[in-house]
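This note's numbering puts the sequence shown at residues 10 to 327.
Cβ coordinates follow ideal geometry from the N, Cα and C atoms, glycine included.
Data first, discussion second: the structure below is written as structure tokens.
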Amino acid sequence: MKKIIIAVAALTIAISVITANNLSSVMLIMASRQGNAQVQSGNTVAQDNASQNTNTNTNNVTPNNNTTPTAAPSGNTATTAAPSGNTATTAAPSGDNKQDAPAASGNASSWTKAQTVEYFNKAVNGVKSGAKTVNQKEVTNYLAGATTITSGIKSVYNILGGDEWLDGMLKDNSQGAASYEGADITAKFPVEGQTWSSKLTEADVSSATCTEANGVYTIEIKTVADAKSDNVKVGEGHAPKAFNVILPGVVNDNIPGIAKNLVGTAAMDYPESTVKITVDVATGHVLTAEYDLKWTINFDKMGIILPFGSKAVYDIVW
Numbered sequence: 010m011k012k013i014i015i016a017v018a019a020l021t022i023a024i025s026v027i028t029a030n031n032l033s034s035v036m037l038i039m040a041s042r043q044g045n046a047q048v049q050s051g052n053t054v055a056q057d058n059a060s061q062n063t064n065t066n067t068n069n070v071t072p073n074n075n076t077t078p079t080a081a082p083s084g085n086t087a088t089t090a091a092p093s094g095n096t097a098t099t100a101a102p103s104g105d106n107k108q109d110a111p112a113a114s115g116n117a118s119s120w121t122k123a124q125t126v127e128y129f130n131k132a133v134n135g136v137k138s139g140a141k142t143v144n145q146k147e148v149t150n151y152l153a154g155a156t157t158i159t160s161g162i163k164s165v166y167n168i169l170g171g172d173e174w175l176d177g178m179l180k181d182n183s184q185g186a187a188s189y190e191g192a193d194i195t196a197k198f199p200v201e202g203q204t205w206s207s208k209l210t211e212a213d214v215s216s217a218t219c220t221e222a223n224g225v226y227t228i229e230i231k232t233v234a235d236a237k238s239d240n241v242k243v244g245e246g247h248a249p250k251a252f253n254v255i256l257p258g259v260v261n262d263n264i265p266g267i268a269k270n271l272v273g274t275a276a277m278d279y280p281e282s283t284v285k286i287t288v289d290v291a292t293g294h295v296l297t298a299e300y301d302l303k304w305t306i307n308f309d310k311m312g313i314i315l316p317f318g319s320k321a322v323y324d325i326v327w
């Protein structure tokens, strides 16, 4: 996430220079943007702590409307929980205990949205409590739509290369392959820094589907769009309950003072975003996960709208 913020900061610096009509400095920014991406670790942005007190209990729900809730046995045995409407919660197991997603009953394609979300939560939350390794294949940042740049600076923004230049900057600040184990899974796998991966409810989701083929469930969840706000917290709203979101506070903390005076305070909105996982039916283990987050930075003071996207792909080893 740090590299994306660097790209945004570079853009706001460029906006500041453009507004001052200092074209020579603009060209220097263009030439040095790759160097700016290599920030020393000492400048790492502090993670937003707003959600540290969030209840980390997870929903252990089997999509079976006739299931009677039972207490979870000790050890590594999979747990069974209350059906939708009477959801029971248990704390995530500690240490090496694995908490498998429950075996679902009936045809997965006939599950309701609520049942699919409940099963998704149970399965994906098990990654942080039980997975051996999370292999990040890539995290790709991209421009998710046309930008809105005010007329006063649009001509020079176009000299920079316009949306194509900005899209290239974002892609330059993407991430490659990496592997995470133990505490690093908690730190990096969505939702980063939390002991859980999803707190989605039926109300947070615009669609939820599950299909089964060759002993594997494929679950796709689309979140309800989050309205623009300058006060977003992890675990609240819709997308922040399941994605590694960029928070407006992090953006604002990393915009240089000269740029902030011109562009004002950033607000964020999160359009409909998608997460897709595959799950082994027999064990309930997540095999793969793909997150496609849409996030838009709004600088209302100057009428600037920057629609971004981040796609992350993971393989899970148990």
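- Taking every protein chain shown into account, the CB of Ser-119 has fewer than 16 other CB atoms within 10 angstroms, so this residue is exposed.
- The region 232-310 contains, as complete beta strand (DSSP E) runs of 3+ residues, the segments 235-238, 275-279, 283-289 and 295-308 (chain order).
- Contact check for Glu-147 and Gln-184: beta-carbon distance about 7 Å, within the 8 Å limit, so the pair qualifies.
- Nearest C-alpha to Thr-283 among Leu-169, Ile-267, Ala-321 and Ala-236: Ala-321.
- In the DSSP annotation of this structure, the continuous segment of the beta strand (DSSP E) that includes Lys-320 starts and ends at 313-326.
- Under the Cβ criterion (8 Å, minimum of three pairs), the region 309-323 does not count as touching the region 124-132.
- Residue burial annotation: Ala-212 is exposed, with fewer than 16 other C-beta atoms found within 10 angstroms of its C-beta.
- Closest by C-alpha distance to Thr-204, out of Thr-292, Lys-137, Met-178 and Thr-305, is Lys-137.
- According to the DSSP secondary-structure assignment, Thr-227 is paired through a beta bridge with Thr-220 and Thr-287.
- Between the alpha carbons of Gly-273 and Gly-154 lies a distance of about 22 Å.
- Linking Ile-194 to Thr-287 through their CA atoms gives a straight-line distance of about 18 Å.
- DSSP places Val-148 in the uninterrupted beta strand (DSSP E) bounded by 142-152.
- In this structure, DSSP gives Ser-188 an extended state, which the three-state scheme calls strand.
- Listed as beta-bridge partners of Thr-156 by DSSP are no residues whatsoever.
- Bridge partners of Val-214 according to DSSP: Thr-232.
- Between Tyr-323 and Gln-145, the CB-CB gap stays under 8 Å.
- In the structure shown, the three-state DSSP call for Phe-129 is helix.
- Counting the other CB atoms within 10 Å of its CB gives Asn-270 a total below 16, which places it among the exposed residues.
- In this structure, the CA atom of Leu-175 is about 15 Å from the CA atom of Ser-164.
- DSSP places Glu-173 in the uninterrupted alpha helix (DSSP H) bounded by 171-181.
- Burial is judged here by how many other beta carbons sit within 10 angstroms of a residue's own beta carbon; Asn-240 has fewer than 16 and is exposed.
- With a 10 Å radius around the Cβ and a threshold of 16 neighbouring Cβ atoms, Asn-182 comes out buried.
- Each residue's CA atom was taken as its position, placing Lys-208 and Phe-252 some 10 Å apart.
- The residue from Asp-278, Cys-219, Asp-289 and Pro-257 with its alpha-carbon nearest to that of Trp-327 is Asp-289.
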